[in-house]
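Novice: Pasting a structure here, questions to come.
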Amino acid sequence: MSAHPENGHYTASRLPRACIIGAGSSGIAAAKALHERGVPFDCFEKS
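For the sequence shown, the positions run 1 to 47 when the working numbering is used.
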């Protein structure tokens, strides 16, 4: 992962991938928020 040299922020094409553990109401809310911001993620649920 590389950060933007001037400000240390990630570029849109190099966002870190997030991992959501649990697909309850909080996990789904997190997934929705990440999706709206274009952040790649994986969501795992143990059933």
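No residue lacks a Cβ here, since even glycine has one placed at the ideal position from N, Cα and C.
1) When the Cα of residue 43 is compared with those of 20, 29, 35, which residue comes out closest?
2) What does the alpha-carbon distance come out to for the pair residue 34 and residue 18?
3) So residue 23 packs on residue 45, CB below 8 Å; how close in whole Å?
4) Over the uninterrupted beta strand (DSSP E) stretch that includes residue 18, give me the two end residues.
Specialist: Quick answer:
1) Reading the sequence shown from its first residue, position 43 is the one you call residue 43. The residue with the shortest Cα to Cα distance from residue 43 is 20.
2) Position 34 of the sequence shown holds residue 34. Position 18 of the sequence shown holds residue 18. Cα-Cα distance, rounded: 8 Å.
3) Start at 1 with the first residue of the sequence shown, and residue 23 comes out as number 23. Start at 1 with the first residue of the sequence shown, and residue 45 comes out as number 45. The Cβ separation is near 4 Å, so the contact holds.
4) Your numbering for residue 18 matches position 18 in the sequence shown. Run containing residue 18: 18 to 21, per the beta strand (DSSP E) assignment.
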